[in-house]
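Enquirer: Have a look at the structure that comes next, please.
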Amino acid sequence: MGKIPLFFVSLVASIPGGYLSYVLVMVFLDRAEKMSTAFQVIAGVTLAFSALVTVIPFFILIFTPKKAPGFDPDAEGAVLAAVGAGAAVGAVAAGGADDFGDSFDDADDDDLDDFDDEDDEDDDFDFDS
Numbered sequence: 272m273g274k275i276p277l278f279f280v281s282l283v284a285s286i287p288g289g290y291l292s293y294v295l296v297m298v299f300l301d302r303a304e305k306m307s308t309a310f311q312v313i314a315g316v317t318l319a320f321s322a323l324v325t326v327i328p329f330f331i332l333i334f335t336p337k338k339a340p341g342f343d344p345d346a347e348g349a350v351l352a353a354v355g356a357g358a359a360v361g362a363v364a365a366g367g368a369d370d371f372g373d374s375f376d377d378a379d380d381d382d383l384d385d386f387d388d389e390d391d392e393d394d395d396f397d398f399d400s
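First residue of the sequence shown? That's 272 in our numbering, and the numbers climb one at a time after it.
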């Protein structure tokens with residue numbers, strides 16, 4: 272992701288953070304003398320974090336390099352294609368069996384074909400009535 276799209280993505284959180292910062296500044300200006308010390312600390316810490324969230328997109332815009340170093344989209348696509356081809360070759364070489372050694376995915380096709388409710392006399396359920 273480039274610099275400008277990352278700026279706009281982080282701007283989504285910055286707008287509500289800016290509004291929260293504005294509200295908390297107004298609370299401090301209007302009602303700071305009526306608040307207890309605990310509420311002042313909570314409001315101050317919340318103001319600090321909301322101000323940080325508000326200015327992060329601008330830090331991204333100023334301090335982020337234009338393009339990530341060593342990023343090549345063509346090479347990433349080639350790696351993903353090679354990994355996908357390797358997984359397909361591995362599945363064919365294994366005879367379609369899974370790699371985990373359990374029998375979860377290696378079920379027979381006719382395991383559930385001959386299911387009848389009438390064959391089970393052990394159970395306490397009667398599905399026919």
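Every residue gets a Cβ at the ideal spot worked out from N, C-alpha and C, and that includes glycine.
1) With a floor of 3 residues, list each beta strand (DSSP E) that falls wholly inside the stretch 295 to 345, ordered by position along the chain.
2) Does the pairing of the stretch 276 to 283 with the stretch 308 to 316 give three or more beta-carbon distances under 8 Å?
3) Rounded C-beta distance between T325 and G273? I'm assuming under 8 Å.
4) For I286, which option in E304, L300, S321, R302 has the closest C-alpha, if you only look at C-alpha atoms?
5) Taking the Cβ atom as the reference point for each residue, do L318 and L295 lie within a distance shorter than 8 Å?
6) Counting C-beta neighbours from all protein chains within 10 Å, is the total for S292 16 or more, i.e. buried, or is it exposed?
7) Could you check how far apart the C-beta atoms of F278 and P336 are, in whole angstroms? I think they sit under 8 Å.
8) Alpha carbon to alpha carbon, what distance is there between L323 and I275?
9) Only counting the same chain, and skipping five residues up and downstream in sequence, which positions put a Cβ closer than 7 Å to that of V452?
Expert: On the basis of the data shown:
1) none
2) no
3) In fact, because the Cβ distance is near 22 Å, the residues do not count as touching under 8 Å.
4) S321
5) yes
6) buried
7) 13 Å between Cβ atoms; not a contact.
8) 19 Å
9) As shown, the chain starts at 272 and ends at 400. That puts residue 452 outside it, with no answer to give.
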